[in-house]
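Peer 1: Just passing along the structure, written as structure tokens.
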Amino acid sequence: MAMADGYDDRTDVLTASGWKPWPLVDGAETFATVDPFSGALRYQAATGIFHREFCGPTYRVRSEQIDLLVGVDQDLWIQRVDTRAARRGEQPFTFEAPGALLHKRVRYECA
318 MAMADGYDDR
328 TDVLTASGWK
338 PWPLVDGAET
348 FATVDPFSGA
358 LRYQAATGIF
368 HREFCGPTYR
378 VRSEQIDLLV
388 GVDQDLWIQR
398 VDTRAARRGE
408 QPFTFEAPGA
418 LLHKRVRYEC
428 A
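Take this note's numbering: the final residue in the sequence shown is number 428, and no numbers are missing along the way.
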């Protein structure tokens with residue numbers, strides 16, 4: 318499957334103009350992001366856009382809220398749910414590599 322800098326060619330991303338297929342992204346868009354401190358949705362310009370063909374291992378996230386295929390070197394914004402800190406309500410969201418998430422219970426923050 319063709320991958321473009323972490324996203325497969327069937328992934329849509331949320332921009333200020335609405336959802337846009339990743340292959341049509343040209344870098345002029347402002348993208349929806351989640352502020353890691355407040356959790357608020359913000360739109361930001363990209364600092365760079367890279368499209369390239371990719372042939373290698375991928376990680377698939379599929380749930381009711383998200384369906385995403387990324388390269389294994391693409392960090393994901395997650396919150397672990399099976400930790401002591403999570404039971405105390407103190408587990409923060411953090412970036413983690415997909416390989417560290419296999420068979421782990423995590424929460425993905427979706428806009």
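C-beta atoms are modelled at their ideal positions from N, C-alpha and C, and glycine is treated no differently.
#1: So, is I395 buried or exposed, given that buried needs 16 or more other C-beta atoms within 10 angstroms?
#2: For V389, which residues from the same chain have a beta carbon less than 8 Å from its beta carbon, with the 5 sequence-adjacent residues on both sides left out?
#3: Could you tell me the alpha carbon to alpha carbon distance between Y360 and S380, rounded to whole angstroms?
#4: DSSP three-state call for L393: helix, strand or coil?
#5: Applying the 10 Å Cβ sphere with the 16-neighbour rule, what's the burial state of L358?
Peer 2: For this structure:
#1: It counts as buried.
#2: Cβ contact annotation for V389 (same chain, cutoff 8 Å, sequence separation greater than five): G373, P374, T375, Y376, A414, P415, G416, in chain order.
#3: A straight-line Cα-Cα distance of about 24 Å links Y360 and S380.
#4: Looking at L393 - three-state DSSP - the assignment turns out to be strand.
#5: Burial call: exposed.
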